[in-house]
Amino acid sequence: YYYWREDRTMDERAFSRYCANELDRLIEAEGPDTVAAFIAPVVGVGGVLPSPEGYWEEIQKVLRKHDVLLMVDEVVCGFGRLGTNSGCDYYDIQPDMMCISKGLTSAYFPLAGSVLSDGIWEVLEQGSENFGAFAHGFTYAAHPLGAATAMANLDIIEREDLMGNVRVVGPYLLKRLRETFGDHEMVGDVRGVGLLACFELVANRNTPVAFNPALGIGNRIAIACREAGVIVRPLPHGDIVAFSPPLIINHNEIDEIVDRCKKAFDGVVDSLIAEGIWRPGKR
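Below, the structure is given as structure tokens:
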């Protein structure tokens, strides 16, 4: 993605056009049988990567040009994580299908679903008349407990205006993370959207150069944070420390999270210096 590209002269819109051109080239190389593109509004476990400015506008142009369906992964973004019902709402995406899951029940019960556009459903409906019923009901589908959990969860989200809360505290979380970690020599990037954010650790932020994965720097930070009473997630692709707090969080709790993480972070940095793994001013 953009931070690790050698050519860092592009602005976000230029990078979005570059991504769309690459998609266009890939579809043409794969041929006209390409059925769909599966894309997430914000990549989660792959690095907490918000979509750059103009990305979806350019991507959807390419998909319409080739008549390729757009399948949007809303498992992470759906039901309030970005302060909207979906990532599609946040980025003004017109999907052909959405897959939904985690936020549907706030993970209190396993439940997932697919949301189809009218166009997709009409094809399935008409095809059923010609080829037999489209079988989409299975043994564990429409689980009563799962459905009840989802309805209760969605009622709380709406009644307590949790999406409104995300729109207020989400920018504050990113602001605090950038103020606290953004200027540190070992932090290459601080990014996020809504209540989904991260900072990325690097051996040299100017090049940039990643740490040797075997050192497990991100995991060391996560362990130190847990010992300080804060649960963060070290992501598997690079030394990225991710934050995904509950939608009910407030400003004071964000302050406490960031302050505790900073103390844990400083302790790990001191250890890395003592072990000769990293030193300030290293080029």
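Under this note's numbering, think of the first position of the sequence shown as -10, with each following residue one higher.
No residue lacks a Cβ here, since even glycine has one placed at the ideal position from N, Cα and C.
(1) The alpha helix (DSSP H) with Ala9 in it runs from where to where?
(2) Between which two residues does the alpha helix (DSSP H) harbouring Gly108 extend?
(3) Helix, strand or coil for Ile27 per DSSP?
(4) For Phe4, does the count of other Cβ atoms within 10 angstroms reach 16, so buried, or fall short, so exposed?
(5) Under the three-state reduction of DSSP, which class applies to Val157: helix, strand or coil?
(6) Looking only at C-alpha atoms, which of Gly102, Glu149 and Met152 sits nearest to Tyr129?
(7) Which of the three DSSP states is assigned to Val258 in this structure?
(8) Between the C-alpha atoms of Leu176 and Ile89, what's the straight-line distance to the nearest angstrom?
(9) Which residues share a DSSP beta bridge with Glu189?
(10) Inspect the beta-carbon positions of Gly153 and Arg70 and report whether they are closer than 7 Å.
(11) Would you check if the segment 14 to 26 and the segment 50 to 58 touch, i.e. whether three or more CB-CB distances between them fall below 8 Å?
(12) Could you spell out where the alpha helix (DSSP H) holding Arg215 opens and where it closes?
(13) Can you tell which of Gly121, Asp85 and Thr94 has its C-alpha closest to the C-alpha of Asp107?
(14) Any contact between the segment 195 to 213 and the segment 222 to 241? By contact I mean 3 or more CB pairs, one from each, below 8 Å.
(15) Drop a sphere of 10 angstroms on the beta-carbon of Trp267, count the other beta-carbons inside from all chains shown, and report buried for 16 or more, exposed for fewer.
(16) Skipping 5 residues on each side, what residues in its chain have a beta carbon closer than 8 Å to that of Leu143?
(17) Of the choices Tyr97, Val65, Val51 and Val247, whose alpha-carbon is the least far from that of Val32?
(18) Less than 7 Å separating the beta-carbons of Arg6 and Glu42?
(19) At which residues does the alpha helix (DSSP H) containing Leu51 begin and terminate?
(20) Three-state secondary structure (DSSP) at Asp81?
(21) Assuming Arg148 is part of the alpha helix (DSSP H), what are its boundary residues?
(22) Taking the DSSP output, what are the residues bridged to Cys88?
(23) Relative to the C-alpha of Asp13, which residue among Lys54, Leu38, Arg(-3) and Pro30 is closest?
(24) Please confirm whether Leu190 and Asp248 have their CB atoms less than 7 Å apart.
(25) Taking the straight line between their C-alpha atoms, what separation do you get for Phe217 and Val155?
(26) Comparing alpha-carbon positions, which option in Arg167, Phe188, Leu52 and His240 lies nearest Asn10?
Here's the rundown:
(1) Looking up residue 9 in the sequence shown gives position 20. Judged by DSSP secondary structure, Ala9 falls within the alpha helix (DSSP H) whose first and last residues are Glu1 to Glu19.
(2) Taking the sequence shown and counting its residues from 1, one reaches residue 108 at position 119. Asp107 to Phe120 is the extent of the alpha helix (DSSP H) around Gly108.
(3) Start at 1 with the first residue of the sequence shown, and residue 27 comes out as number 38. The residue asked about is misnamed: residue 27 is Phe in this sequence, not Ile. If DSSP states are grouped into helix, strand and coil, Phe27 belongs with the strands.
(4) Along the sequence shown, read from residue 1 onward, the residue named residue 4 stands at position 15. So Phe4 ends up on the buried side.
(5) For this step, residue 157 is matched to residue 168 along the sequence shown. Looking at Val157 - three-state DSSP - the assignment turns out to be helix.
(6) Against the sequence shown, residue 129 aligns to sequence position 140. For Tyr129, the nearest C-alpha among the options comes from Gly102.
(7) Translated into positions along the sequence shown, residue 258 becomes position 269. Looking at Val258 - three-state DSSP - the assignment turns out to be helix.
(8) The residue you call residue 176 lines up with position 187 of the sequence shown. The residue you call residue 89 lines up with position 100 of the sequence shown. Note that residue 176 is Val in the sequence shown here, rather than Leu. Going from the Cα of Val176 to the Cα of Ile89 covers about 33 Å.
(9) Counting from one through the sequence shown, the residue named residue 189 turns up at place 200. Listed as beta-bridge partners of Glu189 by DSSP are Asp178 and Ile229.
(10) Here residue 153 corresponds to residue number 164 of the sequence shown, with the count starting at 1. Here residue 70 corresponds to residue number 81 of the sequence shown, with the count starting at 1. Taking 7 Å as the Cβ cut-off, Gly153 and Arg70 do not qualify as a contacting pair.
(11) As far as the Cβ criterion goes, the segment 50 to 58 touches the segment 14 to 26, which means the pair count is three or higher.
(12) Taking the sequence shown and counting its residues from 1, the one referred to as residue 215 is at position 226. Element bounds for Arg215: Ile206 to Glu216.
(13) Counted from its first residue, the sequence shown places residue 107 at position 118. It is Asp85.
(14) Contact between the segment 195 to 213 and the segment 222 to 241 is established, with three or more Cβ pairs separated by less than 8 Å.
(15) Numbered from 1 along the sequence shown, position 278 holds the residue referred to as residue 267. Answer is buried; the Cβ neighbour count reaches 16.
(16) Walking along the sequence shown from the start, residue 143 turns up at place 154. Excluding sequence neighbours, Leu143 sits near Phe68 and Leu93.
(17) By one-based count along the sequence shown, residue 32 stands at place 43. If we check each option's Cα against that of Val32, Val65 comes out closest.
(18) What you label residue 6 is simply residue 17 of the sequence shown in a count that begins at 1. What you label residue 42 is simply residue 53 of the sequence shown in a count that begins at 1. With contacts defined as CB atoms closer than 7 Å, Arg6 and Glu42 fail to qualify as a contacting pair.
(19) Taking the sequence shown and counting its residues from 1, the one referred to as residue 51 is at position 62. Position check: residue 51 holds Val in this sequence, whereas Leu was assumed. Residues Tyr44 to His55.
(20) The residue you call residue 81 lines up with position 92 of the sequence shown. Coil, per DSSP.
(21) Within the sequence shown, the letter at position 159 stands for residue 148. Counting along the chain, the alpha helix (DSSP H) containing Arg148 begins and ends at Pro133 to Arg148.
(22) Within the sequence shown, the letter at position 99 stands for residue 88. Answer is Asp62 and Ser103.
(23) By one-based count along the sequence shown, residue 13 stands at place 24. It is Lys54 whose Cα lies nearest to the Cα of Asp13.
(24) In the sequence shown, the residue the question calls residue 190 occupies position 201. In the sequence shown, the residue the question calls residue 248 occupies position 259. It is not a contact, given that the beta carbons lie outside the stated cut-off.
(25) Within the sequence shown, residue 217 is the residue found at index 228, counting from 1. Within the sequence shown, residue 155 is the residue found at index 166, counting from 1. The amino acid occupying residue 217 in the given sequence is Ala; Phe does not appear at that position. So the two alpha carbons sit approximately 25 Å from each other.
(26) The count along the sequence shown starts at 1 and reaches residue 10 at position 21. Out of Arg167, Phe188, Leu52 and His240, Leu52 has the C-alpha closest to the C-alpha of Asn10.
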